[in-house]
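Enquirer: Structure in structure tokens, see below.
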Amino acid sequence: MATVGPVNGTDVRFHMGTQTLVIAYATSCSIAISHSPRSTTNSTSGAYSTKMAGTIDWEMSVDSLMSMDGNGLKWHQLWSSYLAERIVFSIKWKTASSGDKYFEADAIMTGMSIDNPNQETGTMNCTFAGTGPLTLLTV
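In the numbering used here, the protein residues as written are -17 to 121.
Structure representation (structure tokens):
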């Protein structure tokens, strides 16, 4: 059954690859979509700028607790299989609720930062840039 009301953030998952792997101990995920219109301002535009449709750009990020074990992808697997190899792979940003809408697309990993403060839980952030269109589907 489709989600009713506001979506609980713990229900949203970021899946990577054809096996729909998740990042181990993920705490949040986000998507940012932007449109960059192109300028068509010219000598007949007067005091106003004019624009036409341009490119749509998007990126996703995932925050997680740093992990050496657990279900899903660990930091060393993300490094060796995705970032170091610089491969394009399939991603899904979705819930598991039947009837909910979700995004599926191809992306490339653009960054990973790991923070391990003294006497605190280590954290990790991974960023991904879209390559091609975001497809809106239904679970």
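For every residue, glycine included, the Cβ atom is placed at its ideal position computed from N, Cα and C.
Give the single residue among Asn107, Gly93, Met34 whose Cα lies nearest to the Cα of Ser10.
Expert: Ranking the options by Cα distance to Ser10, first place goes to Asn107.
Enquirer: In terms of alpha-carbon separation, which member of Thr120, Thr77, Pro115, Tyr7 lies closest to Gly(-9)?
Expert: It is Thr77.
Enquirer: Under the assumption that Leu55 contacts Met(-2) (Cβ atoms under 8 Å), give the Cβ distance between them as a whole number of angstroms.
Expert: Yes, Leu55 and Met(-2) are in contact; Cβ-Cβ is about 7 Å, under 8 Å.
Enquirer: Taking C-alpha atoms, which residue in Thr117, Asn98, Ile96 lies nearest to Ala87?
Expert: The option with the nearest alpha carbon to Ala87 is Thr117.
Enquirer: Looking at the unbroken beta strand (DSSP E) that takes in Leu47, where does it start and where does it end?
Expert: Segment 33 to 47, the beta strand (DSSP E) holding Leu47.
Enquirer: If you run the structure through DSSP and keep just helix, strand and coil, what is Tyr84?
Expert: Strand.
Enquirer: Got a sec? Which residues, its chain only, sit under 6 Å from Ile13 by beta carbon, not counting five neighbours each side?
Expert: Closer than 6 Å at the Cβ level, and outside the excluded window around Ile13, lie Met42, Trp75.
Enquirer: Tell me the DSSP secondary structure of Ser79 in three-state form.
Expert: In this structure, Ser79 counts as coil in the three-state DSSP scheme.
Enquirer: Can you tell me which of Gln101, Asp82, Glu102 puts its alpha carbon nearest to the alpha carbon of Ala(-16)?
Expert: Checked all of Gln101, Asp82, Glu102; the closest Cα to Ala(-16) is Asp82.
Enquirer: What residue from Ala66, Val44, Ser25 has the CA that sits closest to Val4's CA?
Expert: Among Ala66, Val44, Ser25, the Cα nearest to that of Val4 belongs to Val44.
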